[in-house]
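Undergrad: Protein chains in written order, with the working numbering: chain A, 64 to 383; chain B, 1329 to 1536; chain C, 40 to 193.
Even glycine gets a Cβ: it sits at the ideal position worked out from N, Cα and C.
If you scroll down you'll find the structure; I have some questions about it.
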Amino acid sequence: MSPARRLPPAEWAVPAALAAVGAALDWATTTRPAAMPVWLPFDFSWFAWAGTVLPLWWYFRGIARMAPARRPAPWRRAVFALGMGLIWAVLQTRYLYLAEHEFFLSRIMHVVLHHLGPFLVALGLAGQPIRAAMPAPLRRLVESRQVRAALAPLMQPFVAAFLFVGLVALWLWPPVHFASMIGHRLFWVMNWSMVLDGLLFWCQVLDPRPAPPARAGYGARAAMAVGVIFPQIAIGAFIVFSRHDLYPYYNYCGRFFPDISPLYDQLVGGMVVWIPPAMMSIVALLIVLSHLRAAEDAAPRPLDPRAARMAALSARWTGR
Amino acid sequence: MKPLRPLLLALALLTTAASPWHDISVRGEVPALGFAATDAASGHTVTAADFRGRIVLLYLGYTHCPDVCPLTLHNISVVLRRLGKAAAGVRVLFVTVDPHRDTVPVLRRYVALFGPDFVGLRPDANQLARLARRYRLAYAVDPGGHGHPYTVTHSAAVYVFDRTGAARLLIPSLASTTPDLPGVTADLRRLLRGQTAEGWFGWLARWV
Amino acid sequence: MRSLAALVLLAALARPAAAAPLRAEGAWFRYLLSSIPAGGYVTLTNPGPATVVLTGVASPACGSLMFHRTDSQGGMERMVAVPRIRVPAGGRFRFAPGGYHLMCDAPHMHRGQTVPVTFRLAHGAPLVVRFAVRGANASGPRASAPAPARMKSQ
């Protein structure tokens, strides 16, 4: 690189500062774990650190470079930061220890990793600003034909919904759950597969744009949001009504709340699988419908007949 | 939900039937033996490397525990007696979660009561936090006061590591009056014979 | 042990007002070190027609003595103090390792000895039971049966 194209200080100073903070946290959690406050990492992960602070940094940097009219609204920036913060919090703070030692707390962790966190991140409309600010080689990689070709089948609405529910079922299948909770590698794979799948799913469902450039129409996206409710209710209900302890891992390694019996822990955990995801889906449905209305208002005529039917239906709820 | 149950049961059976162990195999999932703590016998710091070449049982507890910790250690000592001479290849690490009250002399006298193969380990707060984090073990010490008693809670599990230090088995609890002592003895004997083969099917069954 | 229990029974019968409401069997302490609480175990049988309530326990061999229960539901081991114990009519109550036990704080006893323990009852005269003192690797009141090789490791 020629001296004339030397990077401006912010380009290297901020990442260097983030790396330094990461190194300090890494050192502290390795050597002084007993002295860490609850809000600092319990088990520091460079992947979690980089995966949280770099997108945040790129997002706000990207926004600063965008034309003011095209920037995501301030509330969107706030929910993006909140979503990233929540994902980092359940993966890294002392909450991680709690989630390792109580079934219902591990379920709340997964609601954050798979539903709430990615949902809030998706509302931040982060794609454009992040791509604008990320290093060029990385941008070329995410925009490459190979990556797009690999993601395309996963974003087909039916496949996306199946993957979304399938991952919930896979990690709750008792033998897999045991192996993924007791082991470190599988635990890591489990949590990050939930985050990535959550992002893939909610970024598509909550995309405000109409079908082209978005991959699926509003109707298909509304159906995705609603379709995943029922299998999750079935899984949650199966756990809630189970009369025997499906997840003995927590008995082996000990529960954080010894006063809560294993079956009660399991019952509450089943409720967490059952109820909050269904509520999130309903919120997502309302958002998709409002996007549809907005797109319709912007366009001279309905975009397609199915969308028109959805719009007529949505008028009952939205009153528009 | 009904039709799912037989399927689930069949899968559970498949995974357990494929395992030759009486206890729970954690091979390849749980990290290898790794810790540092003060050895109650010598007063010096020991690490996992000092136990290479032996089968290691790891248990968290505290000496001011009148019932369940001595019961667990007693059950382990019964297993060691059943092993006979082969017990010389086994070390039982009793790690105190209450280092404040369990000083080195207390711990040394305590583990000596159970036999020569029992090793008392007193970690400092950071060593204990690292060990518990590594093996997903839980513990809590509440010094009490204001009318509340000093209470200690800890995981009941016993981990078993093989001669190379690899984690092999989890014994859910030996704190019972009817523990599966023949099963635990058979498992330790198997490890002592160095039979590392789990069987392809057992491996597959755990990962499908 | 049985003759001991009979003796206790006789002693209780000899009191003018009360018939012995409970029979005690297999009473022993697991004594480790004087600085460490000892766990006490016994089986109490109630042949009578009414539930007998134990309200407390004491012994000259213990700094303090309490009813305790080991709670290991959910995979965490901890001790819970129990204020009173009910021995059902025609039934029995077992203080046994891994469950209910007597927690003897600051024990002063030694292995091979027997020490008296007094159970206070909600109604009637206290019950005195003699407990055998055993070591770390004991699993019952008698030296012979379950742990033959224990002396080697003590």
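1. Spatial neighbours of Pro339/A within its chain, please: CB distance less than 6 Å, with the 5 preceding and 5 following residues excluded, ordered by chain position.
2. Jot down the residue ranges of each uninterrupted alpha helix (DSSP H) in the stretch 214–291 of chain A, minimum 4 residues, whole runs only, in chain order.
3. Indicate the three-state DSSP secondary structure (helix, strand or coil) for Phe1442/B in the structure shown.
4. Going by beta-carbon coordinates alone, are Tyr315/A and Gly114/C separated by less than 8 Å?
5. By the three-class DSSP mapping on this structure, what secondary structure does Trp67/C have?
6. Once the 5 residues before and after Ala274/A are set aside, which same chain residues still bring their CB inside 6 Å of it?
7. So what's Ala83/A in DSSP terms, helix, strand or just coil?
8. Three-state secondary structure (DSSP) at Thr115/A?
9. Taking all protein chains shown into account, do 16 or more other C-beta atoms lie within 10 angstroms of the C-beta of Phe304/A, making it buried, or fewer, making it exposed?
10. Check whether the Cβ of Gly113/C lies closer than 8 Å to any Cβ atom in chain A.
11. Rounded to whole angstroms, what's the CA-CA distance from Tyr1463/B to Val1358/B? Just pull it up for me.
12. Determine, for Pro78/A, whether the minimum Cβ-Cβ distance to residues of chain E falls below 8 Å.
13. Tell me, please, which residues DSSP counts as bridged to His107/C.
14. Are the Cβ atoms of Arg159/C and Val96/C separated by less than 8 Å?
15. Would you give the residue range spanned by the alpha helix (DSSP H) that Asp360/A belongs to?
16. Among the candidates Pro368/A, Arg372/A and Ser377/A, whose CA atom is the shortest distance from the CA of Leu352/A?
17. Return yes when the Cβ of Ala1365/B is within less than 8 Å of the Cβ of Gly1493/B, no when it is not.
18. For Pro155/C, name the three-state secondary structure that DSSP assigns.
19. Counting along the chain, where does the alpha helix (DSSP H) carrying Ala141/A start and finish?
20. Give the secondary structure of Ile75/C by DSSP, where H, G and I count as helix, E and B as strand, and everything else as coil.
21. Shorter than 8 Å from the beta carbon of Arg1517/B to some beta carbon of chain C?
22. CA-CA distance, Arg1517/B and Ser256/A?
23. Enumerate in chain order the residues of its own chain whose CB-to-CB distance from His178/A is below 6 Å, with the five nearest sequence positions on each side excluded.
24. 8 Å is my cut-off, CB to CB: does Thr1513/B come that close to chain C?
25. Straight-line CA distance for Pro1398/B to Ala1453/B?
26. Which partner residues does Tyr1467/B have in the DSSP bridge list?
27. When you compare each of Pro1348/B, Val1354/B, Ser1501/B and His1350/B to Pro238/A by their alpha carbons, which one comes out closest?
28. Look up Phe301/A in the DSSP assignment and say whether it is helix, strand or coil.
29. For Asn1403/B, go through chain A and note every residue whose CB falls closer than 9 Å to its CB, in chain order.
30. Is it true that the CB of Ala223/A sits closer than 8 Å to the CB of Phe264/A?
31. For Leu1498/B, which residues in the same chain have their Cβ closer than 7 Å to its Cβ, ignoring the five residues on either side in sequence?
32. Find out if the Cβ-Cβ distance for the pair Val336/A, Gly290/A is shorter than 8 Å.
33. Does the beta-carbon of Phe319/A have 16 or more other beta-carbons within 10 angstroms, so that it is buried, or is it exposed?
34. What distance in whole Å lies between the Cβ atoms of Ala66/C and Pro146/C, which are believed to be in contact at a cut-off of 8 Å?
35. Could you check the C-alpha separation between His369/A and Val268/A for me, to the nearest Å?
36. For chain A, check one thing: does any of its Cβ atoms lie closer than 8 Å to the Cβ of Ala1376/B?
TA: In brief:
1. Val174
2. 220–235, 237–245, 247–268 and 281–290
3. coil
4. yes
5. strand
6. Gly280
7. helix
8. helix
9. exposed
10. yes
11. 7 Å
12. You won't find chain E in this structure, because its protein chains are A, B and C.
13. Ala120/C and His140/C
14. yes
15. Pro325 to Ala361
16. Ser377/A
17. no
18. strand
19. Pro137 to Gln155
20. coil
21. no
22. 39 Å
23. Pro340 and Met343
24. no
25. 23 Å
26. His1482/B
27. Val1354/B
28. helix
29. Under the 9 Å cutoff, chain A gives no residues; its nearest Cβ is about 17 Å from Asn1403/B.
30. yes
31. Asp1351, Ile1352, Val1354, Ala1485 and Tyr1487
32. no
33. buried
34. Not a contact, Cβ separation roughly 15 Å.
35. Checking the sequence shown, residue 369/A turns out to be Arg, not His. In a straight line, the C-alpha of Arg369/A is about 17 Å away from that of Val268/A.
36. no
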